Amino acid sequence: MEKPHFSEILLQKLHQKEFLNDEDLEKITIYQNKGIFSLRSELLLMIYFSIILFTSGIGVIVYNNIDSIGHLAILSANFILMLVCFYFSFKKAKGYSNDEVVFENPLFDYLVLTGSLLACIFLGYINFQYQIFDDSYAYVSLISALLCFAVAYYFDNRIVLSMAITSLAAFIGISITPKSIFQNEVYSNLQLTYSGLVLGIGLLVWMEYSLINKIKIHFHFVYTTFALHLLGVCIIAGLLSEQWYIFIPILLGFVYYFYRFSYRVLATSIFAFMLLYGYFGINVLGGKILSFIDFGPFYELLIMVSPFYVVASIYLFIRLVKQFNAKKNASVQ
């Protein structure tokens, strides 16, 4: 006998709780049985890739024809395209609201994204050509971050918000050690590690403040995801440094906070990555502690036991995620 699909079980639970009446349940069931496949997500993904290819193509054309086109012509064309994107975006926008606001046509979300990308390209190119901030791109990153934050909140755009946070992280990295982001110095530069911790905690503080005051509360997942990975990487980098003992309470606080938060918002991805970063952190910490102990002949035993440890870790990880999903699904009852 074929088991009922999860969506069918969920519909029945909603019907039992009287969130759906008999007529609504019947209509939804008939619609699902038609097996209609929506291409909306696939089409939007293709549009997203088209925008990335378009902006990348502009960069390639500029690079290959810089002598014949001229800097002023490039800047003018970029600026005009940016203005066109934002003109139609503002024309169709519903205005700012602390609640979620969406365009009637999702294509305008990607028009906002295109305008934001062109704005960042314009800022970077004008600094490259005219050396407004000398050789440093720190302030360009900061201005790009502020611009993208304003655009993201006004137009309610999560992708542009991700660009804003990325630019802010680049500003911190570049302002401390130039080119550090491109050379992956987060593991060798402790000052950059501390800066990453401050930024990650700052993102969480603003996210919690926004949740309390109901300011774009649907942005919480973007902030949490960036903070989770930023803090996780910085904590592991700190545990690998000479001052590793400072990061032990930070690791414990990291695991505790994201464990509680994952159950609070019922987000499997946050729970899974919390487990992974916690696991890597504990193993690095264990390696640091073992380095002070002289095992001598027991090293061979450790090597023999290590495969079983890895298998047990994978089994425990899968089991914990399954338990989380079971509690998550039970919450609808």
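Counting in numbering that gives the first Met the number 0, the sequence shown runs from 0 upward without gaps. Quick reminder that beta carbons are idealized off the backbone N, C-alpha and C, glycines included. Bear in mind that the values here come from a model prediction, so they are computed numbers and not experimental data.
Taking only beta-carbon positions, decide if residue i is within less than 8 Å of chain D.
{"i": "S96", "result": "The structure shown contains no chain D; it is built from a single protein chain."}
Looking only at its chain, what residues have a beta carbon closer than 8 Å to the beta carbon of residue i, apart from the 5 residues adjacent to it on each side?
{"i": "L106", "result": "I46"}
{"i": "F132", "result": "N126, Y138, V139"}
{"i": "T176", "result": "Any answer about T176 is weak, because its pLDDT of 45 lies below 50 and its placement is not dependable; what the coordinates show is given next. Counting only Cβ-Cβ distances below 8 Å, and skipping sequence neighbours, we find E184, N188, Q190, L191."}
{"i": "K287", "result": "L238, W243"}
{"i": "N104", "result": "K91"}
{"i": "T334", "result": "A query on residue 334 cannot be resolved here, the shown segment of the chain reaching from 0 to 332 and no further."}
{"i": "F181", "result": "Caution applies to F181, whose pLDDT of 48 falls short of 50 and renders its modelled position unreliable; the model cannot decide the point."}
{"i": "N63", "result": "none"}
Might you give, ordered along the chain, the residues of its own chain that have their beta carbon closer than 6 Å to the beta carbon of residue i, omitting 5 neighbours on each side?
{"i": "A151", "result": "V159, L160, A163"}
{"i": "V139", "result": "L122, G123, N126"}
{"i": "S143", "result": "C119, L122, S166"}
{"i": "E22", "result": "none"}
{"i": "L306", "result": "The identity of residue 306 in the sequence shown is Pro, whereas the question assumes Leu. Closer than 6 Å at Cβ, skipping near neighbours: no residue."}
{"i": "V111", "result": "S88, F154, N156"}
{"i": "L141", "result": "F170"}
{"i": "C233", "result": "T192, G195, L196"}
{"i": "Y222", "result": "L202, M206"}
Considering Cα atoms alone, identify which of the options is closest to residue i.
{"i": "L80", "options": "G69, I57, D98", "result": "I57"}
{"i": "S135", "options": "A149, A144, L146, F170", "result": "F170"}
{"i": "S166", "options": "F225, V264, V310, N32", "result": "F225"}
{"i": "L319", "options": "S290, S268, L110, M303", "result": "S268"}
{"i": "F279", "options": "L251, D293, M303", "result": "L251"}
{"i": "C84", "options": "N63, G114, D155, G69", "result": "G114"}
{"i": "S96", "options": "I214, G201, S67", "result": "I214"}
{"i": "F218", "options": "E99, I60, F89, A92", "result": "E99"}
{"i": "L52", "options": "I292, L117, K26, N32", "result": "L117"}
{"i": "L229", "options": "M273, F78, N63", "result": "M273"}
{"i": "I200", "options": "A168, F270, I216", "result": "A168"}
{"i": "L198", "options": "L227, G94, E25, F291", "result": "L227"}
{"i": "E241", "options": "F270, G231, S290, Y276", "result": "S290"}
{"i": "S312", "options": "K326, L275, A329, M303", "result": "L275"}
{"i": "Y109", "options": "S75, T28, A149, F48", "result": "F48"}
CB-CB under 7 Å to residue i, same chain, minus the five flanking residues each way: which ones, in chain order?
{"i": "L315", "result": "none"}
{"i": "Q322", "result": "none"}
{"i": "F78", "result": "F121"}
{"i": "L335", "result": "Absent from the structure is residue 335, since the part of the chain shown begins at 0 and ends at 332."}
{"i": "H70", "result": "Q128"}
Within the region 215-293, note down every full alpha helix (DSSP H) run reaching 4 residues or more, in order along the chain. Listed in chain order, the alpha helix (DSSP H) elements of length 4 or more contained wholly in the region 215-293 are 219-238, 246-264, 267-289.
Where in the region 7-52 do unbroken runs of the alpha helix (DSSP H), each at least 4 residues long, occur, reported from the N-terminal end onward? 21-32
Can you find at least 3 beta carbon pairs, one from the region 192-209 and one from the region 236-255, that sit closer than 8 Å? Look at the beta carbons and you see the region 192-209 touching the region 236-255: at least three pairs across the two are nearer than 8 Å.
Can you find at least 3 beta carbon pairs, one from the region 286-300 and one from the region 255-265, that sit closer than 8 Å? no
For the region 123-180, which segments carrying the alpha helix (DSSP H) assignment without a break, of at least 4 residues, lie completely within its bounds, in sequence order? 137-154, 157-175
The region 258-270 contacting the region 280-293, beta-carbon criterion three pairs below 8 Å: Between the region 258-270 and the region 280-293 there are fewer than three C-beta pairs closer than 8 Å, too few to call the two in contact.
Using a Cβ distance threshold of 8 Å, determine whether the region 199-206 contacts the region 241-248, with at least three qualifying pairs required. no
Unbroken alpha helix (DSSP H) runs of length 4 or more, entirely within the region 59-89: which are they? 65-68
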